[in-house]
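Presented below is the structure to which this report refers.
Protein chains: 2
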Amino acid sequence: MEKDNRQTPEEKFRYYSGAIRRDMGNLLKWLLLAVVVGCIAGAFSTLFSFVLKAVTGYRKAHLWTFFLLPLFGLCIVFLYEKFGKDDGGTNQVLSTVRSQDDVPWRSGPLIFISTALTHLAGGSAGREGAAIQLGGSIANLLGRWIHLDEEDRHVIVMCGMSAAFSALFGTPMAAAVFSLEVVSVGVMYYTALMPCMIASLIASHFAAGMGVTPEAFHVVNIPALSLETGLKMGVVALGCAVISIVFCIILNETARFYGRFFSNKYARVVAGAVLVIFITLILGTTDYMGAGAELIEKAVETGDTDYMAFFWKMLLTALTMKAGFRGGEIVPSFCVGATFGCMAGQLIGLSPSLCAACGMAAVFCGVTNCPITSILIAFEMFGFKGVSFYLIAVSISYAASGYYGLYKDQTIVYSKYKAKYINKHTKM
Amino acid sequence: MEKDNRQTPEEKFRYYSGAIRRDMGNLLKWLLLAVVVGCIAGAFSTLFSFVLKAVTGYRKAHLWTFFLLPLFGLCIVFLYEKFGKDDGGTNQVLSTVRSQDDVPWRSGPLIFISTALTHLAGGSAGREGAAIQLGGSIANLLGRWIHLDEEDRHVIVMCGMSAAFSALFGTPMAAAVFSLEVVSVGVMYYTALMPCMIASLIASHFAAGMGVTPEAFHVVNIPALSLETGLKMGVVALGCAVISIVFCIILNETARFYGRFFSNKYARVVAGAVLVIFITLILGTTDYMGAGAELIEKAVETGDTDYMAFFWKMLLTALTMKAGFRGGEIVPSFCVGATFGCMAGQLIGLSPSLCAACGMAAVFCGVTNCPITSILIAFEMFGFKGVSFYLIAVSISYAASGYYGLYKDQTIVYSKYKAKYINKHTKM
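Protein chains in written order, with this note's numbering: chain E, 495 to 922; chain S, 495 to 922.
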């Protein structure tokens, strides 16, 4: 302000009009880019959604495809050995947002095909991580074509991630905030807020227009918040925090187990597939094939689940993903949370339907360390009515889930227990 | 992980059990502190709410109290000269969260009394800023009594801010996130997430139980999101961004105007009060007295407003607050946003009720630079139905509102236009 006083009105005018022109230009540029990325990444993600739906339908009608799991595993490993040696999965997309790292364009088609194969054969794997890679690699390619500088490329990659997530899941708000929140927990990449929001909204509308139904579940019984229900929810949330740590440890230990016994990637994927088939035959259920959306639906909408469902989903997801199959861990973590929450609600005497919804949000928060996204996704999937319970579940799960996480390149910038800077990589 | 392999199982066990004990201890400590702060700050804030309601009711029934504005102004300045020389208002509470700065305990009673006097005389001022100071100073005092270290004191001050905000306004989620988000824009103080959420929920339930009704308005007409409605909302949001910059400039220029012509604080407050009375008599309406909740209600629930209402609210708030009266600028900024949005909606042909709601969130975002809080407060006050429009309004307003803000100690950590670190103080 002092400085302004010394300037002449003319200089002031020139300074401010220049600043306004530059800022408005930037705004329009990003509005336009957001629309373009929203359409393109949204379109690919919509296609991805249709393909996954088709292969899942085929698998359900022809259960023998499950026995192709080892064969498809070999195909996936072959594809990645041949074309994707330097592919780092979702983790790499996240690190692109922060560093000069690059998503190879091949990541897009690779993850598309290999996730479809994984789902066709009924491996226990998600699809959001795949969508994030797909959207990130498309946006990165676009950014290189139009010669964006490095800082702008970070923003456009976030846009692509958001758009693809949003189209697949129909949750534009959570999708936009996830990209801002996930890379460095405690730092919000607000520069990308407007582009990500616009890209997400466009992508989700595009997908909805093409007939992709947004994921939404109806919570059947939401009690009033009281001391009793609040405390019970706190206990369930604490359980969810423990489960999210256990899930991360199982994923990591499975990877070590495979690494120790199968140094050959082809042998590893066949062994993993055989293990998954073996366990599935013993359990005698097709429940754990694919992402697990049916289990979530059953837990939330009827308040019913098998007591051990959360454990089997964790184990089978770890065995599938760490063997070399592709997809993602986000929907499986939703499924683990919903089934665990439902079971905990039955045990403790609090609406199992509500506990399933809260468990889903809480375990997602525990494994991704993204509390705002978790709260928003609960609103978008379950509505606003149980808000107080979602807040309790997510905030306690965040505080109690330690520094474990799905993505090793994620950093947690501030301690969860003390108001101080730590900038720690998550443990897996 | 490498490190773990070299440890014996016993060392590992001791390490992990120690870590778990420490983390659980921390969790329980903060749960307990959050409950205590939620109750105490919630109780004081509830009392504050009743007092404000009572004085506002009295003022409405006895309009002559408006002519006591100069006298009450003198009282407030006297109180601050005598007991609060070092009081920095809301700004100081924010800087306490980040630095070793301290909120003097006297801030609590001072802001309580002076805000009540301002509202009794019908000055145009808010109450959220006052509640934040009240909650912050109570929590700070509590923190000193129980000898919390500096880092924990930051967290407990955030708890107090959240609890008081939440009790007064009935928006626990926005209240909790506001404390985490407002101090350094782009950095989320997630350490305080769980304590702030719990304190907020308890405070809002306490207040609701005592009969404080949460602020909530019914948006009457929400059209479907289409290219047309989306673009129109974008234009309204851009207007809101400009208005939020103008509001900050008017506040700042008014302070400079007073500073130039009235170096004596007593003369300043009398002159300000006379100006406010003079303008109010010319306008011939009592609409702009107090925080402006009636104007928000009218704009949102009926889609009706005076075309110049937003301007007069900005001017009268600046004249009142910068003369030395106390309260806050948050509800006035809501009021400015709602009346401007309503007017813009009428002009542009988009539901004025919805535009009022979006305008409120967008101007709040523009002056506080808190997009997540703005989105959440829209949900809590207007429901979840218009979500796409709130997202557009808030994200565009954030991107287009520059580095202006209400709080001079707020920093914006990342550029709004480029993904880079700037750590800039907001302009006023």
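Note that CB positions come from ideal geometry on N, CA and C, so glycine has one too. Note that this is a predicted model, so its numbers are computed, not measured.
Item to check | Check whether S/A693 and S/V830 have beta carbons under 8 Å apart | outcome: Here the question's residue 693 of chain S lines up with position 199 in the second sequence. Here the question's residue 830 of chain S lines up with position 336 in the second sequence. It is not a contact, given that the beta carbons lie outside the stated cut-off.
Item to check | E/V468 and E/G818 closer than 8 Å at C-beta | outcome: This structure cannot settle anything about residue 468 of chain E, because the visible part of chain E is limited to 495 through 922.
Checklist entry - Any idea what DSSP makes of E/H648, helix, strand or coil? => result Working through the first sequence from its first residue, we reach residue 648 of chain E at position 154. Helix, per DSSP.
Checklist entry - Count the other CB atoms within 10 Å of the CB of S/E874; is the residue buried (16 or more) or exposed (fewer)? => result Stepping through the second sequence from its first residue, residue 874 of chain S is reached at position 380. Buried, since its Cβ has 16 or more Cβ neighbours within 10 Å.
Item to check | Sequence-distant residues of its chain with Cβ nearer than 8 Å to S/L546 (five each side left out) | outcome: By one-based count along the second sequence, residue 546 of chain S stands at place 52. If we look at S/L546 and ignore the five residues flanking it on each side, its Cβ neighbours are T609, A610, H613 and R621.
Checklist entry - Relative to chain E, which residues along the region 907 to 918 of chain S have a C-beta separation below 8 Å, given in chain order? => result V907, Y908, S909, K910, Y911, K912, A913 and K914
Next on the checklist: Tell me the DSSP secondary structure of S/H556 in three-state form.
Outcome noted: In the second sequence, the residue the question calls residue 556 of chain S occupies position 62. Correct three-state label for S/H556: coil.
Checklist entry - Using a C-beta to C-beta distance shorter than 7 Å, which residues of chain S count as neighbours of E/G680? => result By 1-based counting over the first sequence, the position of residue 680 of chain E is 186. The answer, in chain order, is V681, M682 and Y684.
Checklist entry - In chain order, what residues of the same chain lie with their CB nearer than 6 Å to the CB of S/A850, ignoring the 5 residues before and after it? => result Residue mapping note: residue 850 of chain S aligns to position 356 of the second sequence, counting from 1. Once the five neighbours on either side are set aside, the close Cβ partners of S/A850 are A793, V794, A832, G835 and C836.
Next on the checklist: Can you pull the chain E neighbours of S/P865, defined as C-beta to C-beta under 7 Å?
Outcome noted: On the second sequence, position 371 is the one that residue 865 of chain S refers to. The answer, in chain order, is Y684 and L687.
Checklist entry - According to DSSP, what are the bridge partners of E/K921? => result Looking up residue 921 of chain E in the first sequence gives position 427. Its beta-bridge partners are E/Y898.
Item to check | Proximity test, Cβ basis, 8 Å: E/G753 and chain S | outcome: Sequence index remark: in the first sequence, residue 753 of chain E carries index 259 (1-based). Closer than 8 Å: no.
Item to check | Length of the line joining the Cα atoms of S/A658 and S/V597 | outcome: Here residue 658 of chain S refers to the residue found at position 164 when the second sequence is read from its first residue. Here residue 597 of chain S refers to the residue found at position 103 when the second sequence is read from its first residue. So the alpha carbons of these two residues sit roughly 15 Å apart.
Checklist entry - If contact means a Cβ-Cβ distance below 9 Å, which residues of the region 516 to 548 of chain E contact chain S? => result R516, D517, M518, N520, L521, W524 and L525
Checklist entry - With S/L662 and E/L885 assumed to form a contact (beta carbons below 8 Å), what rounded beta-carbon distance in angstroms separates them? => result Against the second sequence, residue 662 of chain S aligns to sequence position 168. Against the first sequence, residue 885 of chain E aligns to sequence position 391. About 18 Å separates the two Cβ atoms, so there is no contact after all.
Checklist entry - Is there a Cβ from chain S that is less than 8 Å from the Cβ of E/G877? => result Counting from 1 along the first sequence, the entry for residue 877 of chain E is found at position 383. It does: the Cβ of E/G877 has a partner Cβ on chain S nearer than 8 Å.
Next on the checklist: Is there a C-beta anywhere in chain S that falls below 8 Å from the one on E/H613?
Outcome noted: On the first sequence, position 119 is the one that residue 613 of chain E refers to. Not closer than 8 Å to any Cβ of chain S, the Cβ of E/H613 fails to qualify, so no.
Checklist entry - If S/V587 and S/G630 are in contact, beta carbons under 8 Å, what's the gap, nearest whole angstrom? => result Looking up residue 587 of chain S in the second sequence gives position 93. Looking up residue 630 of chain S in the second sequence gives position 136. With 8 Å as the limit, S/V587 and S/G630 qualify as a contact, their Cβ atoms being about 4 Å apart.
Next on the checklist: Considering only the alpha carbon of each residue, which of E/V825, E/A894, E/R820 and E/I771 lies closest to E/P564?
Outcome noted: Residue numbering aside, residue 564 of chain E sits at position 70 when the first sequence is read from its first letter. Of the candidates E/V825, E/A894, E/R820 and E/I771, the one whose C-alpha sits nearest the C-alpha of E/P564 is E/I771.
Item to check | Helix, strand or coil at S/V679 [DSSP, three-state] | outcome: Start at 1 with the first residue of the second sequence, and residue 679 of chain S comes out as number 185. Correct three-state label for S/V679: strand.
Item to check | Interface partners of S/C747 on chain E, CB under 9 Å | outcome: Position 253 of the second sequence holds residue 747 of chain S. The question names Cys, yet the displayed sequence has Glu at residue 747 of chain S. Going along chain E, no residue has its Cβ under 9 Å from S/E747, so there is no contact; the nearest lies around 10 Å.
Checklist entry - Can you tell which of E/K912, E/A624, E/A535 and E/P666 has the C-alpha that lies nearest to the C-alpha of E/S474? => result With chain E represented from 495 up to 922, any question about residue 474 of chain E goes unanswered, as that position is not in the structure.
Next on the checklist: Does S/Y892 come out as helix, strand or coil in the three-state DSSP assignment?
Outcome noted: Position 398 of the second sequence, counting from 1, holds the residue named residue 892 of chain S. In the structure shown, S/Y892 sits in a helix (DSSP, three-state: H, G or I).
Item to check | Terminal residues of the alpha helix (DSSP H) in which S/I906 lies | outcome: The count along the second sequence starts at 1 and reaches residue 906 of chain S at position 412. Where S/I906 is concerned, there is no enclosing alpha helix (DSSP H), although the beta strand (DSSP E) it sits in stretches over T905 to Y908.
Checklist entry - Run through DSSP, which three-state label would E/A916 get? => result Numbered from 1 along the first sequence, position 422 holds the residue referred to as residue 916 of chain E. It is Ile, not Ala, that sits at residue 916 of chain E in the sequence shown. Strand at E/I916.
Checklist entry - Using Cβ-Cβ distances below 8 Å, what residues of the region 695 to 715 of chain S are close to chain E? => result L695 and H699
Checklist entry - Hey, S/V713 and S/N863: beta-carbon distance below 8 Å or not? => result Translated into positions along the second sequence, residue 713 of chain S becomes position 219. Translated into positions along the second sequence, residue 863 of chain S becomes position 369. Not in contact: S/V713 and S/N863 (Cβ atoms no closer than 8 Å).
Next on the checklist: Determine, for S/V794, whether the minimum Cβ-Cβ distance to residues of chain A falls below 8 Å.
Outcome noted: Given the protein chain composition of this structure (E and S), no chain A is represented.
Checklist entry - Grouping DSSP H, G and I as helix and E and B as strand, with all else coil, what is S/P603? => result Taking the first residue of the second sequence as 1, we reach residue 603 of chain S at position 109. Helix.
Checklist entry - Are there three or more Cβ pairs, one per stretch, closer than 8 Å when the region 852 to 868 of chain S is compared with the region 880 to 895 of chain S? => result The region 852 to 868 of chain S and the region 880 to 895 of chain S touch, with no fewer than 3 CB-CB distances between them shorter than 8 Å.
Checklist entry - For the putative contact between E/I650 and E/A633, defined by C-beta atoms under 8 Å, what is the C-beta separation to the nearest angstrom? => result The residue labelled residue 650 of chain E in the question sits at position 156 within the first sequence. The residue labelled residue 633 of chain E in the question sits at position 139 within the first sequence. Their Cβ separation, rounded to whole angstroms, is 5 Å, which keeps E/I650 and E/A633 in contact under 8 Å.
Item to check | Own chain, CB closer than 7 Å to E/P865, minus 5 neighbours either side, in chain order | outcome: For the purposes of this step, residue 865 of chain E is taken as residue 371 along the first sequence, with counting starting at 1. Taken in chain order, the residues that qualify are C859, V888, S889 and Y892.
Item to check | Beta-carbon proximity of E/G664 to E/S698, cut-off 8 Å | outcome: The count along the first sequence starts at 1 and reaches residue 664 of chain E at position 170. The count along the first sequence starts at 1 and reaches residue 698 of chain E at position 204. In terms of Cβ geometry, E/G664 and E/S698 form a close pair [threshold 8 Å].
Checklist entry - Got a sec: is the Cβ-Cβ distance from S/F756 to anything in chain E below 8 Å? => result In the second sequence, counting from the first residue as 1, residue 756 of chain S sits at position 262. It does not; no Cβ of chain E falls within 8 Å.
Next on the checklist: Is S/E645 close to chain E? Criterion is C-beta to C-beta, closer than 8 Å.
Outcome noted: For the purposes of this step, residue 645 of chain S is taken as residue 151 along the second sequence, with counting starting at 1. With 8 Å as the cut-off, S/E645 counts as an interface residue toward chain E.
Next on the checklist: Can you tell me whether S/Q840 is helix, strand or coil according to DSSP?
Outcome noted: Here residue 840 of chain S refers to the residue found at position 346 of the second sequence. Helix at S/Q840.
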